[in-house]
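As structure tokens, the structure follows; a few thoughts come after it.
2 protein chains.
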Amino acid sequence: MGAETLKKPALHFSARLPAPSRFGRSALLIHDRAISRHVPGFRRWARSFPASYAVDGGESLKSLDAFPGHMSRILSLADRLGARDLTIVVAGGGSVGDFGGFVASILKRGVKLVQIPSTWLSAIDSAHGGKTALNVGGMKNQIGTFYAAGEVHLVRELLEGQGEARVRDAMGELAKIALLEGGARWKRFAREPASGTKLLWRWLPPAIEAKYRVVARDPFERSGIRQILNLGHTLGHVLEAHYGLSHGEAVAQGLLFAVEWSRKKGTLAAAGYRESAALLYGKCAFRCRAGELRPLLRTRFLQLARGDKKRTSADRVTFIFLAGPGKPAPREVTLSEFANEARAQGWLGKARG
Amino acid sequence: MGAETLKKPALHFSARLPAPSRFGRSALLIHDRAISRHVPGFRRWARSFPASYAVDGGESLKSLDAFPGHMSRILSLADRLGARDLTIVVAGGGSVGDFGGFVASILKRGVKLVQIPSTWLSAIDSAHGGKTALNVGGMKNQIGTFYAAGEVHLVRELLEGQGEARVRDAMGELAKIALLEGGARWKRFAREPASGTKLLWRWLPPAIEAKYRVVARDPFERSGIRQILNLGHTLGHVLEAHYGLSHGEAVAQGLLFAVEWSRKKGTLAAAGYRESAALLYGKCAFRCRAGELRPLLRTRFLQLARGDKKRTSADRVTFIFLAGPGKPAPREVTLSEFANEARAQGWLGKARG
Numbered sequence: 001m002g003a004e005t006l007k008k009p010a011l012h013f014s015a016r017l018p019a020p021s022r023f024g025r026s027a028l029l030i031h032d033r034a035i036s037r038h039v040p041g042f043r044r045w046a047r048s049f050p051a052s053y054a055v056d057g058g059e060s061l062k063s064l065d066a067f068p069g070h071m072s073r074i075l076s077l078a079d080r081l082g083a084r085d086l087t088i089v090v091a092g093g094g095s096v097g098d099f100g101g102f103v104a105s106i107l108k109r110g111v112k113l114v115q116i117p118s119t120w121l122s123a124i125d126s127a128h129g130g131k132t133a134l135n136v137g138g139m140k141n142q143i144g145t146f147y148a149a150g151e152v153h154l155v156r157e158l159l160e161g162q163g164e165a166r167v168r169d170a171m172g173e174l175a176k177i178a179l180l181e182g183g184a185r186w187k188r189f190a191r192e193p194a195s196g197t198k199l200l201w202r203w204l205p206p207a208i209e210a211k212y213r214v215v216a217r218d219p220f221e222r223s224g225i226r227q228i229l230n231l232g233h234t235l236g237h238v239l240e241a242h243y244g245l246s247h248g249e250a251v252a253q254g255l256l257f258a259v260e261w262s263r264k265k266g267t268l269a270a271a272g273y274r275e276s277a278a279l280l281y282g283k284c285a286f287r288c289r290a291g292e293l294r295p296l297l298r299t300r301f302l303q304l305a306r307g308d309k310k311r312t313s314a315d316r317v318t319f320i321f322l323a324g325p326g327k328p329a330p331r332e333v334t335l336s337e338f339a340n341e342a343r344a345q346g347w348l349g350k351a352r353g
Numbered sequence: 354m355g356a357e358t359l360k361k362p363a364l365h366f367s368a369r370l371p372a373p374s375r376f377g378r379s380a381l382l383i384h385d386r387a388i389s390r391h392v393p394g395f396r397r398w399a400r401s402f403p404a405s406y407a408v409d410g411g412e413s414l415k416s417l418d419a420f421p422g423h424m425s426r427i428l429s430l431a432d433r434l435g436a437r438d439l440t441i442v443v444a445g446g447g448s449v450g451d452f453g454g455f456v457a458s459i460l461k462r463g464v465k466l467v468q469i470p471s472t473w474l475s476a477i478d479s480a481h482g483g484k485t486a487l488n489v490g491g492m493k494n495q496i497g498t499f500y501a502a503g504e505v506h507l508v509r510e511l512l513e514g515q516g517e518a519r520v521r522d523a524m525g526e527l528a529k530i531a532l533l534e535g536g537a538r539w540k541r542f543a544r545e546p547a548s549g550t551k552l553l554w555r556w557l558p559p560a561i562e563a564k565y566r567v568v569a570r571d572p573f574e575r576s577g578i579r580q581i582l583n584l585g586h587t588l589g590h591v592l593e594a595h596y597g598l599s600h601g602e603a604v605a606q607g608l609l610f611a612v613e614w615s616r617k618k619g620t621l622a623a624a625g626y627r628e629s630a631a632l633l634y635g636k637c638a639f640r641c642r643a644g645e646l647r648p649l650l651r652t653r654f655l656q657l658a659r660g661d662k663k664r665t666s667a668d669r670v671t672f673i674f675l676a677g678p679g680k681p682a683p684r685e686v687t688l689s690e691f692a693n694e695a696r697a698q699g700w701l702g703k704a705r706g
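Protein chains in written order, with the working numbering: chain A, 1 to 353; chain B, 354 to 706.
Okay, structure coming up:
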């Protein structure tokens, strides 16, 4: 295996988009073309780059089948700028970040990378930690690299451009960090009067720092420590795939599920449960949607759960339980145990489940 | 940028192919299907792997357009083995090594990699140093990764299976190392009575170690030190592309060119020139083929030279001169100076050049 460390990028928090000139004369912007609909001035900003490439965000952008076409067009642009000291600047949400990061990591065997996340979800999570990815044959994130950005810019006008409706997408990841970290700071979070974008912007810096602390201990997912970031995601991925829930909503449901299962398993004692549940149901206003959605069939559930890359073998998965806020407790469970608990919490049909 | 170091692989020199079982129950072999024509027992050996994928070596294997198909088939095989602790074992020459190394570096964001070079050229050069690559739109090595193998196996029965005819392919790289290293050891090389495969097998270990010493000083080609490995390659790549010379033959011509130009530039004094020329013309039995081949047009030459990734800007290139054996001297030259010298040495047509 190659690399030993993953450098932490420089983080820049700013009200406005950074001047394109700061990225040099060989900067190539890859951006979601939808941003300009929400953010005044974005189109002009994008045009000020020496070269730019517009894409449509979403999972289809990450399809390996479409990749040769993208890569060949990006290479033509890059070659016009001169091959040396190229910088790829990526402005977009999670899929654009995954795609653009992958491009930067393999173009001429790796060029400088700057991430400018345009969604709250990517600003709080996917733009950090150096994971890039493409999908193969409909399976998510089958190929990719670990490749750290040199800089990540958190730009308030870009994030606020999405409007309040997209705030909920990020609340799942923010609540996840609060549960993983615990401690006095995140107790303050639970009592914080602000809400919406104001709340997110304020808690973005400590949430990001918390993620980097975990990543630094296991940058390439070898020791298993980084797996704790999967809290809420084991069920979350199943729900996201089956119901087409947003990632944030799916993670929120997964966090509720993990907290409930932790209590039943006995890893989470009464006080820890109250604190965790108060954070999720109270501050984050999550509510369990198991009753509302048509229950999954057990076979379908197992099939989707099996697709989870975090499984330790064909029929086991590492599930992140909680022993209290700040105390993640990874345990191996069988897919069958996982399905039984999902059924107990109302996600699987009783009759045929 | 991500990684900071590139781990040196464990090197294994052996007479026979290593037992497939040593690579574990999740080993996937990617191999050149042509090997079995030359090496008795190879087919049976390949079949003993938990999974194997046969490819046709050559530049078309490295085409990005064909990559989604390969990747999707390799993923299916990998998924049957279980996603964790996968090891990709690559048996083949340079193109198969570049392709298989790239696959290993991005599959599930990087799995274990073992290289078993099957040609002398890859055994002495491309299997070492962690470079992987694909071609985009006919341009070589436009994308790739730096990704070190965990193990590299140098297997005598595999290398000797190619026959004596392929020895010449590797002599260019061996002579390059001899010129870059200099010193008493490589003076002994110049006096060595052995020839052919016997010579190569004997000098493989020190040649490989010499390459790793250079790579360790500049693993990701950032400081420029690793560029000295490009000795002989600036002209070599042009000749390889235009005449379809083998890489080894092209590099040999490039070394002769570099030594002659170094003498004319004055970087190489009389004693150093005699020693270098004696090694190339004597020991390695190189002879300049400029007179034999139809001269290039200057426009064609410049076009090919411009395609060289090592160019520092649109019209300059870092050329590796010699100040003596063991004393590489990189200097920036203009493409026009490079073309003038190529013309002086008979590679460009006089009339229209």
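Heads up, the beta-carbon is just placed ideally off N, CA and C, and yes, glycines get one too.
DSSP lists A486(B) as the bridge partner or partners of G497(B). Neighbours of V214(A) in chain B, taken as residues whose beta carbon is under 8 Å from its own, are absent, since the nearest beta carbon is some 17 Å off.
Counting only the Cα atoms, K461(B) lies some 34 Å from R25(A). Inside the stretch 8-37 of chain A, DSSP marks whole beta strand (DSSP E) runs of 3 or more residues at positions 10-14, 27-32, from first to last along the chain. When the Cα atoms are used, T652(B) and A149(A) turn out to be separated by approximately 39 Å. Taking a contact as a CB-CB distance under 8 Å, the pair A630(B) and V612(B) counts as one, their CB atoms being some 6 Å apart. Annotated as proximal: H384(B) and G445(B), with beta-carbon spacing under 8 Å. DSSP places Q515(B) outside any beta strand (DSSP E), giving it a letter other than H or E. Taking a cut-off of 8 Å on C-beta distances, the stretch 504-523 of chain B touches the stretch 362-369 of chain B, as three or more cross pairs fall below it. A290(A) and T234(A) have their alpha carbons spaced roughly 15 Å apart.
With a cut-off of 8 Å on Cβ pairs, the stretch 162-175 of chain A is in contact with the stretch 198-209 of chain A, counting three or more such pairs. V505(B) is positioned such that its CB atom lies no closer than 8 Å to that of F452(B). The Cβ of S576(B) sits no closer than 8 Å to any Cβ of chain A. Under the three-state reduction of DSSP output, L584(B) falls in the coil class, being neither helix nor strand.
The Cβ of S425(B) sits closer than 8 Å to at least one Cβ of chain A.
Assignment of T687(B) by DSSP, reduced to helix, strand and coil, places it in the strand class. As DSSP reads the structure, G92(A) sits in a beta bridge with P117(A).
Interface annotation, I228(A): not in contact with chain B, CB-CB separation never under 8 Å.
The shortest CA-to-CA distance from S72(A) to any of L466(B), I427(B), Q495(B), G394(B) is the one to Q495(B).
Residue pairing of E151(A) in beta bridges, as defined by DSSP: A10(A), V114(A). Beta bridge pairing from DSSP links L649(B) with L701(B). DSSP places A603(B) inside the alpha helix (DSSP H), whose first and last residues are 600-618.
Taking 8 Å as the cut-off, the Cβ atoms of L113(A) and I74(A) do not count as close.
At least one CB of chain A lies nearer than 8 Å to the CB of V489(B). The CB of P68(A) comes closer than 8 Å to the CB of L417, D418, F420, P421, V489 in chain B, given here in chain order. Per the C-alpha coordinates, the member of G324(A), T318(A), A342(A) positioned closest to F301(A) is A342(A). DSSP places V392(B) in no beta strand (DSSP E); its state is neither H nor E. For I320(A) against Q227(A), the beta-carbon gap comes to about 7 Å, under 8 Å, which counts as contact.
Look at I88(A): its C-beta is not under 8 Å from any C-beta on chain B. Around the beta carbon of S76(A), fewer than 16 other beta carbons lie within 10 angstroms, which makes this residue exposed. With distances taken between CA atoms, L657(B) lies nearest to L592(B) out of L592(B), L608(B), R640(B). Residue contact with chain B for L75(A): present (Cβ-Cβ distance below 8 Å to some residue of chain B). Contact between T145(A) and T485(B) is ruled out by a C-beta separation of about 11 Å, above the 8 Å threshold. At a cut-off of 8 Å, the C-beta of Q142(A) has a neighbouring C-beta in chain B.
Taking a Cβ-Cβ threshold of 8 Å, the residues of chain A close to K484(B) are R109, in chain order. For Y281(A), there is no enclosing beta strand (DSSP E), as DSSP gives it neither H nor E.
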